[in-house]
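Start counting the sequence shown at 1; every next residue gets the next number (the UniProt record's numbering).
Built from N, CA and C at the ideal position, the CB exists for glycine as well.
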Amino acid sequence: MKKPGSTISTSSKIRFEEPESSSSEDEEEIEQELADVTFGELQKARSNGSHLVHPKPKEEKKGGRANKNRPMEVSCKKPVTRFREIIQGSKKVVRDPRFESLCGTLDVDGFRKRYDFLFANELPAEREELQKQVKKSKDPEVIEELKKRISWIDKQLKSECSQAH
Numbered sequence: 001m002k003k004p005g006s007t008i009s010t011s012s013k014i015r016f017e018e019p020e021s022s023s024s025e026d027e028e029e030i031e032q033e034l035a036d037v038t039f040g041e042l043q044k045a046r047s048n049g050s051h052l053v054h055p056k057p058k059e060e061k062k063g064g065r066a067n068k069n070r071p072m073e074v075s076c077k078k079p080v081t082r083f084r085e086i087i088q089g090s091k092k093v094v095r096d097p098r099f100e101s102l103c104g105t106l107d108v109d110g111f112r113k114r115y116d117f118l119f120a121n122e123l124p125a126e127r128e129e130l131q132k133q134v135k136k137s138k139d140p141e142v143i144e145e146l147k148k149r150i151s152w153i154d155k156q157l158k159s160e161c162s163q164a165h
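What follows is the structure in structure tokens.
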């Protein structure tokens, strides 16, 4: 049962049923009046708080989880109730296998066999490449670094030759 003058929503705008045909004229007058309102009058209306909608007071949320699978939400503003005790573990003992008797002794012949490819192929090739870079380079700092690397390679090759013979 609808009463005369009740609202009917046909779109996003709400329209009122009125028996009079002058409703469109009234609407136009209201729109014209609202268009003529100055910003100063709007500021006055807002300053008295008429535009504010009074929000509901915020309720304190209960502790706990919203769902059993979610973590519990806790405010970061509240102080921690108890302190965690952190147990310090003992420091790990660092052992260098070069100086450790548990690792055994160095097998010089096995070392030569395993790393012969370095001394026979890689180091001489790297030495030649570094010498080419020294000739191309014009920066004295870079040349100094390259020469240090070349001298290190020479030492390695000489020590290998002296140990082999």
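Does residue i come out as helix, strand or coil in the three-state DSSP assignment?
| i | result |
| --- | --- |
| ASP139 | coil |
| GLY110 | helix |
| ILE87 | coil |
| PRO124 | helix |
| ALA35 | helix |
| ARG98 | coil |
| SER75 | coil |
Out of the options, which one is the CA nearest neighbour of residue i?
| i | options | result |
| --- | --- | --- |
| LEU123 | LYS136, GLU41, CYS76, ILE150 | ILE150 |
| LEU157 | GLU27, SER75, GLU126 | GLU126 |
| CYS161 | PHE99, LYS136, LEU42, ASP116 | ASP116 |
| HIS97 | LEU106, SER90, GLY89, ARG84 | The question names His, yet the displayed sequence has Pro at residue 97. Measuring from the Cα of PRO97, the nearest candidate turns out to be LEU106. |
By the DSSP assignment, the alpha helix (DSSP H) with residue i in it spans what residues?
| i | result |
| --- | --- |
| ARG46 | 39-47 |
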